[in-house]
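I have placed the structure first, in the form of structure tokens, so that the comments after it can refer back to it.
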Amino acid sequence: MDIDKMISVLKNVAQVKVVVFGDYALDKYLYIDPEHDEPSAETGETAYQVHRTSLSAGVGGTITNNLRTLGAQVVCIGLVGDDGQGYELLRCLRETGADVSHMVSCDVLCTCTYMKPMRRGTDGIYREMNRFDFRSFIQRPIEVQREMMRQLESVLDWADGVIITDQFYQRNMGSVTDWLREQLSKLAAERKDKIFYADSRSFANEYRNIIVKCNDIEFFAMTGGPKPDTGKLNAIVERGERLYRSGGIPLFVTCGKAGIVVFDRTAELVPAFKVDGEIDIVGAGDAANAGIFLGLALGLTAAEAALLACCVSSITIQQLGMTGTASMRQVTERLASRR
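Put into structure tokens, the structure is as follows:
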């Protein structure tokens, strides 16, 4: 790959316009120092003392954070509840410089929130404990789904394309429903001048006319069967080529430290960047989404876009106890090391 070309086109990243559509969440980190543990007077159980909190936008918000840190323009379209978490989520998105005027509010849903207790270890590093998730396990009202599509159609002419973030395993329990997948697939067929890209945990094979990214575990579940103990990459290539031939749309399968398998006319493994020391993989997939989409929007090949994704995510996973981002300086320096 021509690394110098890749670094050169990244100078145009400020011209890239992206709609991040679908699932958003508020990430709320609670930092706990065991030195301050005390017994509860009521129950006798240990009461963890939170001495610091931090808030950030997650899921689609993590993609937004990475895109904005790298300099792209972003419009956010997703669901928020009429609650304090929704207020904080919108504030976090605004602070990145993203446009949140197209977010859709729904008073029968709570804002998806991941509360992450972070306990300090003896080495001084904070590590995540059991997470508390706030979610609404009810189907999304059809009028809310239609409003999301109206908002997307109103900004699509402005954008280079759309990143669809389809986070949840349960059908119709996230912002992206069966109805929306069908509508998005139809819209992608009509607007071939735009990039349509989806990251879906459970429903990647239900998108049509849309570039799809999933990880290897999700890929094997989608294609029928568990991840094999040996020959994982060969199995991905074999099954992925069949899937690619059925739709003819590029497919990206992330494989952790092995890299990303790209299907675009042929199958190619793009190796990951080697990272030393402890890592935190939270948000790595969303960082990869930002890298892939930026690469495609800037005219890179699918394989080059995958390399950019590997670069961005290799930087974010080195940021422990937080959902990290990568600056353009960090990206260009790490890309240069791959010459």
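Reminder that position 224 of the sequence shown reads as 220 in the working numbering, one-by-one numbering, no gaps. Think of the CB as a built atom: it goes at the ideal place given N, C-alpha and C, for glycine as much as any other residue. In this text the structure is predicted, and so the values were computed from the model without any measurement.
- Non-local C-beta neighbours of G320 in its own chain, meaning closer than 8 Å and more than five positions away in sequence, comprise D276, G279, A283, I311, T312, I313, Q314, ordered along the chain.
- For I206, same chain residues with a beta-carbon under 8 Å away, outside a window of 5 residues either side, are I160, L180, S181, A184, F192, Y193, A194, I245 in chain order.
- In the structure shown, the three-state DSSP call for E214 is helix.
- Take L86, set aside five residues on each side of it, and the residues of its chain with a beta-carbon closer than 6 Å to its own are V96, in chain order.
- Proximity to F259 across E186, E300, G281, G221 peaks at E300, based on C-alpha coordinates.
- Counting of Cβ neighbours within 10 angstroms places F128 among the exposed residues, the total staying below 16.
- Here the alpha carbon of Y27 sits roughly 6 Å from the alpha carbon of R115.
- Counting C-beta pairs closer than 8 Å gives fewer than three between the region 43 to 51 and the region 72 to 79, which falls short of the contact rule.
- For F128, the enclosing beta strand (DSSP E) begins and ends at 128 to 130.
- In the same chain as L66, and ignoring 5 residues on each side of it, the C-beta atoms closer than 6 Å to its own belong to V9, M324, in chain order.
- Taking a C-beta distance under 8 Å as the contact criterion, V14 and L63 qualify as a contact pair.
- Going by beta carbons, V16 and L294 fall outside the 8 Å limit.
- Annotation note: the region 230 to 304 contains the following uninterrupted beta strand (DSSP E) runs of length 3 or greater, listed N- to C-terminal: 247 to 250, 255 to 260, 262 to 267.
- For K228, the closest C-alpha among the options Q163, I213, E91, V140 is that of I213.
- Residue nearest to Y240 within the set F215, A254, P224, G221 is F215 (criterion: CA-CA distance).
- Between the alpha carbons of L290 and L303 lies a gap of roughly 11 Å.
- Beta-carbon to beta-carbon, V249 and I232 are separated by about 6 Å, close enough to satisfy the 8 Å threshold.
- Collapsing the DSSP output to three states places P30 in a helix.
- Secondary structure at C72: strand, using DSSP grouped into helix, strand and coil.
- Counting only the Cα atoms, G40 lies some 47 Å from A254.
- C-alpha of S4 to C-alpha of D156: approximately 19 Å in a straight line.
- Of all alpha-carbon atoms in P30, G93, E202, G281, the one lying nearest the alpha-carbon of C210 is that of G281.
- Counting every other CB atom within 10 Å of its CB across the protein chains shown gives F133 a total below 16, marking it as exposed.
- In the DSSP assignment, S4 falls within the unbroken alpha helix (DSSP H) covering -1 to 5.
- Note on I59: 16 or more other CB atoms within 10 angstroms of its CB, so buried under the neighbour-count rule.
- In the three-state scheme derived from DSSP, where H, G and I count as helix and E and B as strand, S150 is classed as helix.
- The C-beta distance from A263 to I288 rounds to 16 Å, too long to meet the 8 Å contact threshold.
- Of the candidates N126, L152, M169, the residue whose Cα lies closest to the Cα of Q135 is M169.
- Straight through space, the alpha carbons of M144 and A21 are spaced by roughly 16 Å.
- In this chain, V172 is not harboured by any beta strand (DSSP E), its DSSP state being neither H nor E.
- One alpha carbon belongs to G236, the other to H98, and they sit about 35 Å apart.
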